[in-house]
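Here the structure is laid out as structure tokens; the discussion comes afterwards.
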Ligand code: FO1
């Protein structure tokens with residue numbers, strides 16, 4: 020099957036790596052990356068979009084490779100200066116990173132949509148594939164915790180280092196959000212959907228919660244594949260495994276993630292390190308690859324294998 024147009028659904032660091040792999044092997048006009056914005060928040064008057072920025076900096080080759088987010092070589096002088104006023108900043112805003120937030124906040128305040136300003140910033144950084152927020156509306160992910168009640172996503176994730184016990188997750192304002200026109204057009208033209216190995220509950224579920232998104236994804240019979248973020252019962256990065264236990268999904272495994280995506284995907288990629296626990300799901304094709312993307316080369320190899328596999332269906 021000829022796969023012209025590919026749409027990737029991605030969250031933060033893991034998602035950015037696969038998006039980068041796809042960007043390395045596809046002509047830019049054939050790739051659209053739709054990014055979770057449930058993690059977005061206003062902080063010191065700035066609109067911060069961590070996942071959009073992580074993907075943008077990764078595709079531009081300027082991301083901090085140690086953290087996987089933020090800018091390489093950035094400094095924290097502004098946060099230091101906050102100390103003079105008695106502030107104890109908990110969110111690591113880099114001095115250069117603030118330029119992105121300032122320009123974005125100004126654009127939003129003057130009436131630009133998040134889609135418009137994201138495309139403008141990405142283009143300025145030399146990014147050629149379309150990089151789109153899942154919606155132009157604010158749809159913040161809210162985390163109901165046992166210890167602190169409901170927390171904004173970044174308060175849970177960064178301030179409390181995702182240690183509180185999660186009882187439930189809510190995608191606030193979802194009822195009045197909509198898929199942006201640009202994302203809807205990309206999905207209508209898509210020949211395949213690739214769901215990155217991002218956290219299913221914190222990164223992918225908010226995208227799926229945008230009204231109309233599931234219909235757009237499932238309207239036509241095209242390959243819709245997800246890559247497991249769980250390898251050998253552990254999350255590659257972040258709280259996915261911890262959340263699975265807390266939300267009562269039972270076994271922490273690649274198999275549980277496949278079951279979670281039931282009804283949405285028709286193909287599933289899990290890691291060959293899980294060969295000992297083969298996965299079978301009705302209406303899902305399965306394949307095992309080496310999914311750990313330690314180098315830029317690995318990202319492209321995984322992206323190539325996925326596209327080659329779904330191209331052979
Ligand atoms: N993650 C952290 O763990 N600590 C931080 O201080 C932090 C700052 C930060 C600043 C800008 C940005 O774009 C991302 C940042 N992140 C930070 C990452 C981010 O909060 C999370 O990784 C994602 O929201 C989860 O996908």
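Residue numbers (the working numbering): 20 to 332. From the three backbone atoms N, C-alpha and C, an ideal C-beta is built for every residue, glycine too. All figures in this text were calculated on a predicted structure; none of them were measured in a lab.
request  = Might you give, ordered along the chain, the residues of its own chain that have their beta carbon closer than 7 Å to the beta carbon of residue 166, omitting 5 neighbours on each side?
outcome  = As a working mapping, residue 166 is identified with position 147 in the chain shown. 183 and 184, listed in sequence order.
request  = List the DSSP bridge partners of residue 173.
outcome  = Stepping through the chain shown from its first residue, residue 173 is reached at position 154. Residue 173 pairs with nothing; no bridge assigned.
query = Closest by CA to residue 244, which one among 81, 117, 285 and 122?
reply = Counting from 1 along the chain shown, the entry for residue 244 is found at position 225. Measuring from the Cα of residue 244, the nearest candidate turns out to be 285.
task = Examine the Cβ distances between the region 215-235 and the region 191-203 and report whether three or more of them are shorter than 8 Å.
result = Contact between the region 215-235 and the region 191-203 is present, because at least three Cβ pairs lie under 8 Å.
key: Given 8 Å, three or more beta-carbon pairs between the region 65-85 and the region 250-264   = Touching, no, given that fewer than three Cβ pairs across the two stretches are closer than 8 Å.
query = Three or more C-beta pairs closer than 8 Å, one from the region 170-184 and one from the region 124-137: is that the case here?
reply = Contact check between the region 170-184 and the region 124-137: fewer than three CB pairs, one atom from each, fall below 8 Å, which does not count as touching.
request  = Keeping to the same chain, check which residues put their C-beta closer than 6 Å to that of residue 38; ignore five residues upstream and five downstream.
outcome  = Counting from 1 along the chain shown, the entry for residue 38 is found at position 19. The answer, listed in chain order, is 27, 29, 52 and 74.
ask   = Do residue 262 and residue 57 have their CB atoms nearer than 9 Å?
value = Within the chain shown, the letter at position 243 stands for residue 262. Within the chain shown, the letter at position 38 stands for residue 57. 9 Å or more divides the Cβ of residue 262 from the Cβ of residue 57.
query = Can you tell me whether residue 104 is buried or exposed, with buried defined as 16 or more other CB within 10 angstroms of its CB?
reply = The sequence position of residue 104 within the chain shown is 85, counting from 1. By the 10 Å Cβ count, residue 104 comes out exposed.
message = On a Cα-Cα basis, can you pick out the residue from 186, 177, 234 and 224 that is closest to residue 204?
response = Working through the chain shown from its first residue, we reach residue 204 at position 185. Selected option, being the one with the closest Cα: 234.
Counted within 10 angstroms of its Cβ, other Cβ atoms place residue 238 as buried (16 or more) or exposed = Counted from its first residue, the chain shown places residue 238 at position 219. When all chains shown are included, residue 238 counts as exposed.
ask   = Does the Cβ of residue 281 have 16 or more other Cβ atoms within 10 Å, making it buried, or fewer, making it exposed?
value = Start at 1 with the first residue of the chain shown, and residue 281 comes out as number 262. By the neighbour-count rule (16 or more Cβ atoms within 10 Å), residue 281 is not buried but exposed.
key: residue 43, DSSP secondary structure in three states   = As a position in the chain shown, residue 43 is number 24, starting the count at 1. Correct three-state label for residue 43: helix.
query = Where does residue 147 land, buried or exposed, given buried means 16+ other C-beta within 10 angstroms?
reply = Taking the chain shown and counting its residues from 1, the one referred to as residue 147 is at position 128. Around the CB of residue 147, fewer than 16 other CB atoms lie within 10 Å, so the residue is classed as exposed.
query = Whose C-alpha, out of 302, 65 and 310, is nearest the C-alpha of residue 294?
reply = Against the chain shown, residue 294 aligns to sequence position 275. Sorting 302, 65 and 310 by C-alpha distance to the C-alpha of residue 294 places 310 at the top.
query = Considering only the beta carbon of each residue, do residue 188 and residue 211 sit closer than 9 Å?
reply = In the chain shown, residue 188 corresponds to position 169, counting from 1. In the chain shown, residue 211 corresponds to position 192, counting from 1. No; because the gap between Cβ atoms is not below 9 Å, this pair is not in contact.
task = Would you tell me roughly how many angstroms separate the C-alpha atoms of residue 48 and residue 168, rounded to the nearest one?
result = Your numbering for residue 48 matches position 29 in the chain shown. Your numbering for residue 168 matches position 149 in the chain shown. Approximately 44 Å between the Cα atoms of the pair.
key: Where residue 101 sits in the DSSP three-state scheme   = Reading the chain shown from its first residue, position 82 is the one you call residue 101. Residue 101: helix per DSSP, three-state reduction.
inquiry  = Does the structure place the region 74-94 close enough to the region 108-125 that three or more beta carbon pairs sit under 8 Å?
reply    = Result yes; three or more Cβ-Cβ pairs closer than 8 Å.
key: Three-state secondary structure assigned by DSSP to residue 33   = Position 14 of the chain shown holds residue 33. Residue 33 falls in the helix class under three-state DSSP.
key: residue 24 to residue 63 span [Cα, whole Å]   = As a first step, residue 24 is located in the chain shown; it is residue number 5 there, counting from the start. As a first step, residue 63 is located in the chain shown; it is residue number 44 there, counting from the start. Using only the alpha carbons, I get a separation of about 39 Å.
key: beta strand (DSSP E) segments (min. 3 residues) lying fully within the region 232-284   = Runs of the beta strand (DSSP E) inside the region 232-284: 243-246.
task = Just grab the DSSP bridge partners of residue 305 for me.
result = For the purposes of this step, residue 305 is taken as the residue at position 286 of the chain shown. Paired residues: 287.
query = By how many angstroms is the C-alpha of residue 265 removed from the C-alpha of residue 241?
reply = Position 222 of the chain shown, counted from the first residue, corresponds to residue 241. Position 246 of the chain shown, counted from the first residue, corresponds to residue 265. Cα to Cα, the separation comes out at about 33 Å.
ask   = Whose C-beta lies closer than 6 Å to the C-beta of residue 163 among residues of the same chain, with five residues either side of it excluded?
value = By one-based count along the chain shown, residue 163 stands at place 144. Closer than 6 Å at Cβ, skipping near neighbours: 169, 186 and 187.
request  = Just tell me which of 320, 312, 315 and 291 has its CA closest to the CA of residue 306.
outcome  = As a first step, residue 306 is located in the chain shown; it is residue number 287 there, counting from the start. With distances taken between Cα atoms, residue 306 lies closest to 291.
Per-residue burial, residue 33 [other beta carbons within 10 Å of its own, 16 or more giving buried] = Sequence index remark: in the chain shown, residue 33 carries index 14 (1-based). By the neighbour-count rule (16 or more Cβ atoms within 10 Å), residue 33 is buried.
Residue 61 in three-state terms, based on DSSP = Counted from its first residue, the chain shown places residue 61 at position 42. Strand, per DSSP.
inquiry  = By the three-class DSSP mapping on this structure, what secondary structure does residue 168 have?
reply    = Translated into the one-based positions of the chain shown, residue 168 becomes position 149. The DSSP-derived three-state label of residue 168 is strand.
ask   = What are the residues that DSSP puts in a beta bridge with residue 163?
value = Residue mapping note: residue 163 aligns to position 144 of the chain shown, counting from 1. DSSP output for residue 163 lists 169 and 187 as bridge partner(s).
ask   = residue 98 and residue 112 look like a contact to me (Cβ under 8 Å); what is the Cβ gap, rounded to whole Å?
value = The residue labelled residue 98 in the question sits at position 79 within the chain shown. The residue labelled residue 112 in the question sits at position 93 within the chain shown. 6 Å between Cβ atoms; contact.
ask   = Within the present structure, is the beta-carbon of residue 288 separated from the nearest heavy atom of the ligand FO1 by less than 8 Å?
value = Residue numbering aside, residue 288 sits at position 269 when the chain shown is read from its first letter. No, the beta carbon of residue 288 sits no closer than 8 Å to any heavy atom of the ligand FO1.
query = With burial defined as no fewer than 16 other Cβ atoms inside 10 Å of the residue's Cβ, what is the status of residue 140: buried or exposed?
reply = As a working mapping, residue 140 is identified with position 121 in the chain shown. By the Cβ-count criterion, residue 140 is buried, with 16 or more other Cβ atoms from all chains shown falling within 10 Å of its own Cβ.
ask   = Taking 8 Å as the cut-off, does the CB of residue 114 come closer than this to any heavy atom belonging to the ligand FO1?
value = Position 95 of the chain shown holds residue 114. No - the ligand FO1 has no heavy atom lying nearer than 8 Å to the Cβ of residue 114.
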